[in-house]
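Here the structure comes first, spelled out in structure tokens, and everything after it is commentary.
Numbering (the working numbering), first residue to last: 82 to 536.
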């Protein structure tokens with residue numbers, strides 16, 4: 082029996098070693114590695130473009146003279162142009178990009194996936210998100226990087242003849258998050274918690290490999306860095322722990338409000354666009370752009386763009402304007418429902434930091450600690466992914482002494498959000514994109530059926 086067992090073991094090892102030596106296997110691995118490398122390089126290039134666009138807008142319009150009022154014309158016109166371009170040339174590129182990646186995992190045909198994920202979509206997503214920041218939109222590049230990463234990995238899979246498209250989409254999405262923020266752990270947790278609610282253990286190696294290679298590519302280009310710098314704020318006394326509870330509960334409630342409002346407005350806008358898609362898309366974008374412009378001008382440019390500078394200042398202990406988080410909340414909501422490409426991550430973190438900073442000022446607590454806790458509570462409330470929330474903020478702030486408070490604030494935010502808005506935002510939006518795909522297929526089928534047979 083023992084000899085037979087040893088023979089079977091040797092035979093199994095021989096089969097595995099033979100499989101590893103097959104040229105086709107190595108070709109697939111090389112294509113996969115190249116895809117992950119391309120995600121890292123593309124993510125860095127995207128970051129440079131997005132940051133450059135935001136700096137250009139600020140340099141041109143965030144001023145003390147008459148030019149500060151120009152966004153009242155430039156921003157609505159820019160929103161209308163971007164929404165039209167997205168609808169006309171890059172359908173499926175609107176919004177964050179994470180719902181599209183989730184939707185792509187739910188379809189079976191490669192042709193259907195290409196409506197959400199393709200190299201054409203990579204170009205459109207990067208160009209239009211950069212354009213949004215160039216016109217002052219309150220958006221981020223991190224969600225779009227997920228769609229970009231998933232698209233690149235799926236294209237690599239097609240080139241290399243690899244199966245398991247769902248796992249590769251997951252890997253590309255995780256690599257995108259990791260490279261966008263320099264947060265490899267958050268990329269993996271995000272893949273498990275948010276992207277893959279039905280996560281399969283056999284994708285572990287694929288996800289981990291993609292995150293490592295994309296992360297190494299990013300490190301090679303920009304070096305090791307912490308997105309918001311390193312914070313040493315920590316909860317010590319009872320007042321700090323009171324802040325944990327307050328920021329978690331209030332942040333979760335506000336995050337749920339954002340999620341609920343986004344879903345309600347998005348559904349209503351989609352119903353409105355049924356009869357005149359182009360005209361009503363442009364009108365909605367104009368209105369949303371005007372809201373963003375008015376708030377931006379009223380706050381001296383504070384609410385334009387990603388909100389990175391304001392969030393970092395709060396984390397470093399500088400109290401934000403008391404109602405900054407309100408203005409940023411409304412500007413982010415308007416940008417999200419405008420029909421233009423752009424992500425939620427960075428603006429949500431900025432809203433959370435502003436909320437936490439204001440709450441910290443009200444109770445006389447540590448502003449930096451309150452800002453970090455507010456980010457955790459609000460972000461968990463928006464995306465309803467508490468593990469992703471506390472891990473990503475932990476990595477972005479280097480605040481490793483604050484693990485338990487961050488976990489508690491995230492869980493409180495998540496729990497309160499679920500009570501107010503039972504639908505997770507990204508998954509609810511993914512269902513809307515799937516419904517769009519079904520309507521498009523039915524329209525194509527009807528058009529084909531109505532054509533006369535060729536003579």
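By construction, the Cβ of each residue, glycine as well, lies at the ideal position given by its N, Cα and C atoms.
Residue pairing from DSSP places residue 424 in a beta bridge opposite 221.
In this structure, residue 211 places its C-beta atom within 8 Å of the C-beta atom of residue 134. Taking 8 Å as the cut-off, the Cβ atoms of residue 429 and residue 257 do not count as close. Take residue 270, set aside five residues on each side of it, and the residues of its chain with a beta-carbon closer than 6 Å to its own are 468, 469 and 472, in chain order. Taking C-beta atoms as the reference points, residue 253 and residue 235 count as a pair closer than 8 Å. Contact between residue 217 and residue 138 holds: CB atoms are separated by about 5 Å, below the 8 Å threshold.
The stretch 387-395 makes no contact with the stretch 175-182: fewer than 3 CB pairs, one atom from each, lie closer than 8 Å. Residue environment: residue 170 is assigned as exposed (fewer than 16 neighbouring CB atoms within 10 Å of its CB, all protein chains considered). Between the beta-carbon of residue 438 and that of residue 462 there is about 17 Å, and that puts the pair past the 8 Å contact cut. In this structure, the alpha-carbon of residue 117 lies about 18 Å from that of residue 206.
Here residue 176 carries a strand assignment [DSSP, helix/strand/coil]. A direct Cα-to-Cα measurement between residue 209 and residue 450 gives close to 35 Å.
At least 8 Å separates the beta-carbon of residue 228 from that of residue 190. Inter-residue distance for residue 325 and residue 487 is about 8 Å (C-alpha atoms, whole angstroms). Contact between residue 329 and residue 458 holds: CB atoms are separated by about 4 Å, below the 8 Å threshold. Cα atoms of residue 151 and residue 404: separation of roughly 23 Å, rounded to the nearest angstrom.
Counting C-beta pairs with one atom in each stretch, the stretch 300-318 and the stretch 474-484 have three or more that are closer than 8 Å, which means they touch. With contacts defined as CB atoms closer than 8 Å, residue 213 and residue 421 qualify as a contacting pair.
Looking only at 453, 495, 378 and 382, the smallest Cα-Cα distance to residue 136 is reached by 382. Ranked by Cα distance from residue 247, the options 186, 521 and 412 are led by 186. Residue 274 holds the alpha-carbon nearest to the alpha-carbon of residue 255 among 160, 128, 320 and 274.
The three-state secondary structure of residue 109, taken from DSSP, is helix. Judged by DSSP secondary structure, residue 201 falls within the alpha helix (DSSP H) whose first and last residues are 200-215. Here the C-alpha atom of residue 302 lies approximately 43 Å from the C-alpha atom of residue 361. For residue 194 and residue 294, the gap between their C-alpha atoms comes out near 24 Å.
Looking only at 259, 466, 332 and 515, the smallest Cα-Cα distance to residue 128 is reached by 259. For residue 152, the secondary structure class from DSSP, reduced to helix, strand or coil, is helix.
Residue 251 is a Cβ neighbour of residue 272, given a cutoff of 8 Å. Annotation: the continuous alpha helix (DSSP H) that includes residue 352 extends over 319-353. Boundaries of the alpha helix (DSSP H) around residue 393: 389-396. In the three-state reduction of the DSSP assignment, residue 522 falls in the helix class. Per DSSP, residue 378 is one residue of the alpha helix (DSSP H) stretching across 358-379. Taking 8 Å as the upper bound for CB-CB distance, residue 399 and residue 327 are not in contact here, some 20 Å apart. Check the Cα spacing between residue 442 and each of 183, 221, 401 and 286: the tightest is with 401.
Its chain contains 329, 461 and 467 as the residues whose beta carbon lies nearer than 8 Å to that of residue 492, once the 5 sequence neighbours on both sides are disregarded; these appear in chain order.
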